[in-house]
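So for the sequence shown, numbering that gives the first Met the number 0 puts the first residue at 0; every next one is plus one. Don't be surprised by glycine CBs; every beta carbon is placed ideally from N, CA and C. Owing to the predicted nature of the structure, the values given are computational and were not obtained by experimental measurement.
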Amino acid sequence: MNRILLVARREYMTNVRRPAFIFAAFGVPIMMVVIFGVIFLASTANQITDLHEFGSVGMVDNSSSAVLAPGRIPEGYADLFIAYPDADAARAALDATQIAAYFELPANYMVTGRVLIYTNSDTPDLLTSTVEELLLLNLTAAETLPVPLERIQNGANLTIRDAESGREVSEGGVFITLFFPIIFAFILIMSAVTTSGFLMQGLVEERTTRIIEILVTSITPMQLLTGKIIGLSFLGLTQVVALLAAIGGGLAVAGSLDFLQGVVLPLDLIMLSMVYYLLAYYLLAALLVGISVLTNSEQESRQISG
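Here it is as C-alpha cells:
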C-alpha cells in the first residue's frame, strides 16, 4: 500500500507543476471569472437603485380612457413624475434638460398596451419597472380589489415538487437544475482530456526509456498502474475544485440576478454527480492505461484514444 501511495504522490507532484496543467486548472477558471465578471459589470454599470439618480420623468396621456387621470404615483416618487398636456410640451422639456425622460400613452393604449419612452440617455431597468407600476396603480384605481397590488404584479411564486421524492425546486431553480448536467459533463470532459494526456505521456515515456523495467523490480505492475491512476485522479479533482470555485465565485457575484434568487442545488444531486464523476473518471483512466501499455509512442496512443 505504501508503494502505491508513493507512486500516486510522485505522479501528482510531477504533473501538478506542469505549465499545461497550471494553465488548464487555474488559468482557464480565472479567465472565465474575468470574462463573465466584465460582462456582468458592463451589464449592470448603468443600473440604479433610486430613480432620483436618473432625474424627473414626464407623462403624456393621449389614451382614450384617460388612464393617468387618477394621478397615482409609486411611493417615494411623487415629486419625480410631471404631467404634460401633450407630447410637444414634454419634448421641449426634455430638450431643455428639465426632465431626463418622458413616456407617452397613445390613443389605442387600452387595446395594444403600447407605451413610448423618450430619453436622450440609456434607459435603466428601474425606470421601466416604475412606469409599469405607475400604470398598474392607475388602471386599478377605480376597482375595489380584495387582493394586494403585489399579488396582481406577481400572480404566482411557483414551487415545483416531485411527487415521488418530495423534492421542491423553485421556479429559478428549474433552470439551474436543467443546466447542471451540462456543466457537470463539461467539467468531466475537460478534466479527463487534460489529465489523460499526462497519464499516457508518462507511461509511454517510461516504456520507451526503459524506466519501467527498473520500476517493476521493486513494485508490481498492478501497484504501479494503481498508483498512477490514483495520482491522476487527485490531479483531476484538483482541476474540478478549481473549476467549481470559479463557478461558485461567479454565482456569488451574480447572486443579485432575479433568476438566481433562492436557487439551491439539491444535495443528493450533487453527491450523486460526484460519485458518477469518480466512477467515470476511474473507468476512463483504466482504459487509457490499457491503451498506453499497448502502444509504442504518445502519438499512436492519442490516435487510438481519440
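Assign residue 104 to one of three DSSP states: helix, strand, or coil.
-> strand
Backbone CA spacing between residue 95 and residue 79 [nearest angstrom] = 17 Å
In terms of DSSP beta bridges, what is residue 201 paired with?
-> Bridge partners of residue 201: none, in fact.
Residue 196 by DSSP, collapsed to three states: which one?
-> helix
Start-to-end residues for the beta strand (DSSP E) that takes in residue 82 = 80-83
Can the beta-carbon of residue 58 be found less than 9 Å from the beta-carbon of residue 102?
-> yes
When you compare only the Cα positions, how much space is there between residue 217 and residue 33?
-> 48 Å
Are the CB atoms of residue 104 and residue 49 nearer to each other than 9 Å?
-> no
Evaluate contact between the region 212-230 and the region 1-20, counting only Cβ atoms and requiring at least three cross-stretch pairs below 8 Å.
-> yes
Should residue 97 go down as buried or exposed, given a rule of 16 or more other Cβ atoms within 10 Å for buried?
-> exposed
Taking the DSSP output, what are the residues bridged to residue 116?
-> 102
Does the Cβ-Cβ distance between residue 238 and residue 19 come in under 9 Å?
-> no
Could you have a look at residue 57 and say whether DSSP puts it in helix, strand or coil?
-> strand
Compute the minimum distance between the beta carbon of residue 71 and the heavy atoms of the ligand MG, and state whether it is under 8 Å.
-> Annotation note on the ligand MG: not contained in the displayed structure, which lists no ligands.
Could you check the C-alpha separation between residue 25 and residue 15 for me, to the nearest Å?
-> 11 Å
Classification of residue 100 by the beta-carbon crowding that lies within 10 angstroms, buried from 16 upward | buried
Counting pairs of beta carbons, one from the region 124-143 and one from the region 64-79, are three or more of them closer than 8 Å?
-> yes
Would the beta-carbon of residue 366 fall within 9 Å of that of residue 268?
-> As shown, the chain starts at 0 and ends at 305. That puts residue 366 outside it, with no answer to give.
Can you check whether the CB of residue 276 is closer than 9 Å to the CB of residue 178?
-> no
Go to residue 15, then tell me how far its alpha helix (DSSP H) extends in each direction, as first and last residue.
-> 1-15
Of all the options 28, 281 and 204, which has the alpha carbon lying nearest to the alpha carbon of residue 185?
-> 28
Spatial neighbours of residue 197 within its chain, please: CB distance less than 6 Å, with the 5 preceding and 5 following residues excluded, ordered by chain position.
-> 14
Exposed unless 16 or more other CB atoms sit within 10 angstroms - verdict on residue 55 | buried
Rounded C-alpha distance that separates residue 74 from residue 106 = 27 Å
With residue 47 as the anchor, note down where its alpha helix (DSSP H) starts and where it stops.
-> Here residue 47 belongs to no alpha helix (DSSP H), and DSSP marks it neither H nor E.
Locate the alpha helix (DSSP H) running through residue 132, then write down its first and last residues.
-> 124-138
Spatial distance of residue 194 from residue 201 (CA atoms) = 11 Å
Using a threshold of 9 Å, state whether the C-beta atoms of residue 53 and residue 126 are closer than that.
-> yes
Out of curiosity, what's the CA-to-CA distance linking residue 234 and residue 37?
-> 30 Å
For residue 72, three-class secondary structure by DSSP | coil
Can you grab the Cα-Cα spacing for the pair residue 47 / residue 282, in whole Å?
-> 52 Å
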